[in-house]
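A.B. asks:
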Amino acid sequence: MEENTPEIIDNDDGTKTIKLSEPITIAGQEIATVTMHKPFGRDMRAMDQEKGEIAKSFKLASSVSKLPMAAFDAMTIEDATACIRVADSWSSKS
């Protein structure tokens, strides 16, 4: 795996964990991993309240990870993109 590529782990409980390539600090707490649950309707509704596609994607990732949107602002583009891909992965399955 490349150095800047976040690792994505499928957990036994159906959640997915992203191991960040570069940990972030939010409210004095270092965050090295982000765990996301499968989105529910409330997560989609929260996303719909944002303007712009990037803001909507960050809102969905925030909602399914229980992290503030500021956490995604602090991530590298590789880490933020991995989180968005994971959050989107459940809705893109047919």
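For the sequence shown, the numbering used here begins at 2 and goes up steadily by one. Glycine included, every Cβ here is placed at the ideal spot set by N, Cα and C.
Looking at the unbroken alpha helix (DSSP H) that takes in A75, where does it start and where does it end?
C.D. replies: The sequence position of residue 75 within the sequence shown is 74, counting from 1. M70 to A75 is the span of the alpha helix (DSSP H), which, as asked, contains A75.
A.B. asks: Starting from the Cα of E79, find the closest Cα among F41, I25 and G15 and give me that residue.
C.D. replies: As a position in the sequence shown, residue 79 is number 78, starting the count at 1. Taking only the C-alpha atoms, the option nearest E79 is I25.
A.B. asks: Leaving aside the five residues before and after S95 along the sequence, list all residues of the same chain whose C-beta is less than 7 Å from its C-beta, in chain order.
C.D. replies: As a working note, residue 95 is residue 94 in the sequence shown. Any reading at S95 needs caution, since the residue's pLDDT is 42, under 50, leaving its predicted position unreliable; the model's value is listed next. If we look at S95 and ignore the five residues flanking it on each side, it has no Cβ neighbours.
A.B. asks: Using 8 Å as the threshold, is the C-beta distance between A83 and I19 below it?
C.D. replies: The residue labelled residue 83 in the question sits at position 82 within the sequence shown. The residue labelled residue 19 in the question sits at position 18 within the sequence shown. Yes. Within cutoff.
A.B. asks: Which one or two residues does DSSP pair with K60 in a beta bridge?
C.D. replies: Numbered from its first residue, the sequence shown carries residue 60 at position 59. Looking at the DSSP assignment, K60 forms no beta bridge with any residue, so it has no partner.
A.B. asks: Could you give the DSSP three-state label for E51: helix, strand or coil?
C.D. replies: One-based indexing of the sequence shown puts residue 51 at position 50. Looking at E51 - three-state DSSP - the assignment turns out to be coil, as it is neither helix nor strand.
A.B. asks: Determine the direct distance from the alpha carbon of A47 to that of S1, and round the result to whole angstroms.
C.D. replies: Any answer about residue 1 is impossible in this case: the structure gives the chain only from 2 up to 95.
A.B. asks: Where G42 and G29 are concerned, what is the direct C-alpha to C-alpha distance, given to the nearest angstrom?
C.D. replies: Position 41 of the sequence shown holds residue 42. Position 28 of the sequence shown holds residue 29. Answer to the nearest angstrom: the Cα atoms are 31 Å apart.
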